[in-house]
Structures are given as C-alpha cells and as structure tokens.
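Heads up: the protein sequence lines correspond to chains A and B, in order. In terms of my numbering, the first sequence opens at residue 1 and continues consecutively. In terms of my numbering, the second sequence opens at residue 1 and continues consecutively. Every residue gets a Cβ at the ideal spot worked out from N, C-alpha and C, and that includes glycine. Quick caveat, the model's predicted, so the values are computed rather than measured.
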Amino acid sequence: MWIYEKKLQYPIRIYQCDIRMAKYLLTQYGGPDGELSAAMRYLNQRYAIPTNEAKGLLTDIGTEELAHVEMICTMIYQLTKDATPQQMEEAGLGSNYAIRNNALFPSDANGVPWTAAYFQAQGDPVTDLHEDMAAEQKARAVYEHLINLTDDPGMKDALQYLREREIVHFQRFGEALRIVQEYQESKKIF
Amino acid sequence: MSERIALLKQIQAVEFAALELNLYLDTHRDDQRAIMEYNQYASQLSMLKQQFEMQYGPLLNFGFSPGHYSWNWLDSPWPWEEEF
Numbered sequence: 001m002w003i004y005e006k007k008l009q010y011p012i013r014i015y016q017c018d019i020r021m022a023k024y025l026l027t028q029y030g031g032p033d034g035e036l037s038a039a040m041r042y043l044n045q046r047y048a049i050p051t052n053e054a055k056g057l058l059t060d061i062g063t064e065e066l067a068h069v070e071m072i073c074t075m076i077y078q079l080t081k082d083a084t085p086q087q088m089e090e091a092g093l094g095s096n097y098a099i100r101n102n103a104l105f106p107s108d109a110n111g112v113p114w115t116a117a118y119f120q121a122q123g124d125p126v127t128d129l130h131e132d133m134a135a136e137q138k139a140r141a142v143y144e145h146l147i148n149l150t151d152d153p154g155m156k157d158a159l160q161y162l163r164e165r166e167i168v169h170f171q172r173f174g175e176a177l178r179i180v181q182e183y184q185e186s187k188k189i190f
Numbered sequence: 001m002s003e004r005i006a007l008l009k010q011i012q013a014v015e016f017a018a019l020e021l022n023l024y025l026d027t028h029r030d031d032q033r034a035i036m037e038y039n040q041y042a043s044q045l046s047m048l049k050q051q052f053e054m055q056y057g058p059l060l061n062f063g064f065s066p067g068h069y070s071w072n073w074l075d076s077p078w079p080w081e082e083e084f
C-alpha cells in the first residue's frame, strides 16, 4: 500500500527559463539510470531478497525514488509549461511537441522510451545489490553531467540534492550487501 | 516568503532528517540512539503536519488527513505547481 503526500521532498525553484535543460533532464525521468527505473527496480527486487534489512531498504529507497521522479517531473513541467512550439523546437524538443504537445513522457534525453528492461532483477541477492550500487553511481555521474550543463542556481541546487541522495543510497546498499553476505555465510553447514 | 511556504519547508527539513535516519536504521537496527533521534523527529514532524493541515488543508489522502468542505484535498497548488 502507498499513500500520497501532497508535497515535494525538496523545494524546487527554477530562476531561468532554460527549456534546453528539460530535454537533458528527461533522462533522469525515463532513462536507464533515471529515477523511474530506480524506483521500479528496487520495489520489484524486494520480493526475492532474503534479509529483512534489504527488504526494508529496498522498500524505503524505492519509495524515496518515487519522490525523486516527482522532483524531476516538476522541473521538466515548470521549464516547458509555457513554452511556445518555436521555443520547444529551439530547445531540441520539436519532436516532443509534434507528438504530445507539452505532455511529459518517460524517455531518455534522445527520446528513447522507458522500458521495463531497465528494471534489472537476477534473483541473486549479491548480484542485485551490486546492480543497485552501480545504478546509484551511474545516476550520480549523470547528475554531475547535468549540473555542468546549467547555470541556473535553483536548478543546480535541486540537482546537487539529488546527486547527494545517490551517494547515501550507494552507502546503504553497500551495508545491506555486507549483511546479506554474512547471512549467506552463516547459512552454510559443513 | 509566505508563512505557508516557510512551514512547508520546515516540514520538508524535519521529514528529511527522519527519512535519513530511517535508511540508516535499515542497516543499523541495533543503534538505540538513532532510534531515539528518529522518534524525536517523528513526533516533531507529526506536530508540524497537524499545524500545516489545520491552516492549509490535507497533506495525505486515503483517510490519513482530515478533509474539509468543499473537499479541500483538491485545492491548489499541487506540488509541481508550487512556487518556492
């Protein structure tokens, strides 16, 4: 069960109308290492993970990632809501406008639609937790690239917040991995 | 900054502290001090949310917040429309 909280996790304030950034931000919505992929990956992996620590962590980080999806969508929405067709075209979003006006759609920055293949689930707890740690590092790197692409202080602030969340999640998944490995070793009977 | 935004930011800050401790506790379940801190933030958070909801309407759906006439869950701004 989930309930919705009618607020953002972190305040977003965009100062400049840098529509170009909306195209790049899309990758953190519907790209392979974006927030939607992360949320779905963790919430789906819960069912096959053996320890309560990892079940709790995948549930809680998966839920936090949903809040990050909302932050990214809020940034894209605020950047594009008043954009004219011409401004969309100049920002490289002409094809987005042609298909769906100013609607949001989960794709990467090149318009490749989000796919369930981004989930990643091997059913091996060590493999899956390594996958999650790698995913957090990849998302951190993408946030650093995005920060380099904008001068807007408000945008930078929100992206820096999201970047730091990736670092904390990486740390926690590493701890969960250690607990899983201890659990697997303790199970061995010689 | 409006009083509403100031209170909302305070809720975001306290909830963030609780969330961080929650994730930490998921891999450190025996840390009694962290559990105490978590509970302190949790009670602070529930007071702040109650204060916010009394003045500005529900934060949660599905029976977790009281609603008022005319169904004020629907009131703007929605999170993506918020101007901080």
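Neighbourhood of residue i by C-beta, 6 angstroms cutoff - its chain only, sequence neighbours within 5 removed
i                 : result
Gly154 of chain A : Arg13, Ile14 and Tyr15
Gln45 of chain A  : Leu58, Ala121 and Asp128
Glu102 of chain A : The residue asked about is misnamed: residue 102 of chain A is Asn in this sequence, not Glu. Excluding residues within five positions, the ones whose Cβ falls inside 6 angstroms are Thr80.
Integer Cβ distance of residue i from residue j, believed to fall under 8 angstroms
i                 : j                 : result
Leu26 of chain A  : Asp108 of chain A : 7 angstroms
Tyr143 of chain A : Leu159 of chain A : 5 angstroms
Glu65 of chain A  : Ala38 of chain A  : 4 angstroms
Phe62 of chain B  : Ile3 of chain A   : 5 angstroms
Thr27 of chain B  : Arg172 of chain A : 6 angstroms
Residue span of the alpha helix (DSSP H) that contains residue i, given as start and end
i                 : result
Phe64 of chain B  : Looking at the DSSP string, Phe64 of chain B is not in any alpha helix (DSSP H), and its letter there is neither H nor E.
Gln51 of chain B  : Gln32 to Tyr56
Leu23 of chain B  : Glu3 to Asp26
Phe173 of chain A : Pro153 to Lys187
Glu136 of chain A : Pro125 to Asn148
Gly94 of chain A  : Gly94 to Arg100
Met21 of chain A  : Ile19 to Gly30
Gln9 of chain A   : From DSSP, Gln9 of chain A is part of no alpha helix (DSSP H); its letter is neither H nor E.
Asp60 of chain A  : Asn52 to Thr80
Neighbour list for residue i in chain A, Cβ cutoff strictly below 8 angstroms
i                : result
Asn22 of chain B : Asp60
Pro79 of chain B : Lys6, Lys7, Leu8, Glu70 and Thr74
Pair within 9 angstroms by beta-carbon distance, residue i and residue j
i                 : j                 : result
Leu48 of chain B  : Ile5 of chain B   : no
Pro66 of chain B  : Pro58 of chain B  : yes
Leu8 of chain A   : Thr51 of chain A  : no
Pro113 of chain A : Phe119 of chain A : no
Glu37 of chain B  : Leu19 of chain B  : no
Contact set between residue i and chain A, taken where Cβ atoms lie within less than 9 angstroms
i                : result
Gln12 of chain B : Lys7, Leu8, Gln9, Tyr10 and Pro11
Neighbourhood of residue i by C-beta distance below 7 angstroms, restricted to the same chain and skipping five residues each side
i                : result
Ile72 of chain A : Leu25, Gln28, Tyr29 and Glu35
Beta-carbon neighbours of residue i, restricted to chain B and to distances below 7 angstroms
i                : result
Gly56 of chain A : Asp26
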